[in-house]
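In what follows, a structure is listed as structure tokens, so that the remarks can point back to it.
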Ligand code: RFL
Ligand code: PHB
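Numbering (this note's numbering), first residue to last: 541 to 934.
Okay, structure coming up:
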């Protein structure tokens, strides 16, 4: 097979890149290890920055998202058993949209199939080769047959556990990493959310978060140990712990309902530098991971491929490799701003082992300042709704 861009991974990064290229008349082939059904059902992110929403609309993918997505103009921080709201609209003129990652992925796969561009699910033994030359190759197996893609560029959009990053010789990459001593136990529950907006809650027993997927489905998280055994968390224990952490003095109660899905996610910050090697470009979780506290992973993946698509389009338009050469530097400026924000949110809201009380006071002071100072609220809000794609600091 021959194409212009070979894309490994059909997550948000790979699929948005494929669609952006398609809209500029550039051919690509997407290969994905999992089945289409698996990609469309995987429970992941839920918060879209306004810039991500605007890009999806420009790409012609806004129709269902605008109908079904929930626009949120603020968020709540809960601590000391009291709610504190931050108003995005008033502080930034912008908002976020709640629309599940799997719905974004469904819309993108549907667009890909409508465009009749090649996509292969359930491939195995993927390898990327010769990316230091002008003729890179991707090899894989599909339906038990060995296949090969000859292309001009390879986009490594295969997530944190993919093969693209480890295919680059170790001595060409610098890895920056922090692994947190906790994880999140997440559930989907068949109940309308008990509050219209997200609630980020600091509690002595650990962080809790109320989010949602639709007006009928609540998404909730509890801080837990990174290797927490789900077998020790029957539904009653999960609800009791959520009620305890989220309780307020004004009698607010979480609506309990059947739990549809449970999972535990470890938390880390990770950045690889540079995000490119020859004609292999890493994007999204393949290049970086942020702790989910800032709700940024998917948005950052989309920001990367926007930069990559523009660079590839420029190459085919003018032959210039200038934007391609700068790809990693351009992306990493944003990546580190988002790392900073996600780390700050994580440190403000979670219980860290060995805490001697100093951290409790520091966290509460941080939250009090955040929710009472207009300057602090605005700083948070401009980061949460999404930093612009370019500007003084980008
Ligand atoms: P993905 O989504 O992991 O997609 C990578 C794809 O590559 C495939 N793959 C391969 N394909 C071919 N060959 C191979 N050898 C392959 N190896 C892997 C995989 O099957 C997969 O389909 O990475 P991508 O596209 O970079 O997208 C990143 C986002 O998925 C991720 O950052 C977010 O989900 C993170 N995240 C959140 N981000 C947000 O912006 N807002 C949120 O509210 C938010 N909440 C979350 C999250 C992630 C979570 N988990 C489970 C890690 C909440 C959670 C609980
Ligand atoms: C989610 O809805 O899954 C979600 C929301 C906010 C976060 C992380 C995850 O910070």
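The beta-carbon is built from N, C-alpha and C at its ideal position, and this holds for glycine as well. Being a predicted model, the structure only gives us computed values, none of them experimental.
For residue i, three-class secondary structure by DSSP
i	result
residue 614	strand
residue 869	helix
residue 888	helix
residue 934	coil
residue 741	strand
residue 573	coil
residue 627	strand
residue 593	helix
residue 916	helix
residue 902	helix
residue 806	strand
residue 567	coil
residue 927	coil
residue 827	coil
residue 622	strand
residue 921	helix
residue 542	strand
residue 875	helix
Start-to-end residues for the beta strand (DSSP E) that takes in residue i
i	result
residue 896	Run containing residue 896: none; DSSP gives neither H nor E here.
residue 547	545-548
residue 717	714-729
residue 822	820-822
Nearest-angstrom beta carbon gap, residue j and residue i [assumed within contact, 8 Å]
i	j	result
residue 545	residue 566	6 Å
residue 839	residue 592	5 Å
residue 690	residue 677	6 Å
residue 867	residue 810	Not really, about 19 Å apart at Cβ, beyond 8 Å.
residue 795	residue 843	That pair is no contact at about 35 Å.
residue 656	residue 552	21 Å between Cβ atoms; not a contact.
residue 855	residue 741	That pair is no contact at about 47 Å.
residue 921	residue 628	5 Å
residue 751	residue 770	No, residue 751 and residue 770 are not in contact; Cβ-Cβ is about 19 Å, not under 8 Å.
residue 632	residue 925	5 Å
residue 695	residue 823	6 Å
residue 777	residue 728	The pair is not a contact, with the Cβ atoms about 17 Å apart (cut-off 8 Å).
residue 720	residue 831	6 Å
residue 785	residue 762	7 Å
residue 543	residue 568	6 Å
residue 648	residue 555	4 Å
residue 624	residue 911	4 Å
residue 557	residue 845	4 Å
residue 788	residue 622	6 Å
residue 833	residue 886	4 Å
Limits of the unbroken alpha helix (DSSP H) element including residue i
i	result
residue 560	552-563
residue 490	Given a span of 541 to 934 for the chain in the structure shown, any question on residue 490 remains unanswerable.
residue 710	Element bounds for residue 710: n/a, residue is neither H nor E.
residue 604	603-608
C-beta neighbour in chain B for residue i, strict 7 Å
i	result
residue 656	Absent here is chain B; the protein component of the structure consists of one chain.
Handout entry: Every unbroken alpha helix (DSSP H) within the stretch 743-802, with a cutoff of 4 residues, ordered by chain
Key = 775-786
Exercise for the section: Could you pull out every unbroken alpha helix (DSSP H) segment of at least 4 residues lying fully inside the stretch 636-703, listed in chain order? Expected result: Qualifying alpha helix (DSSP H) stretches, in chain order: 641-654.
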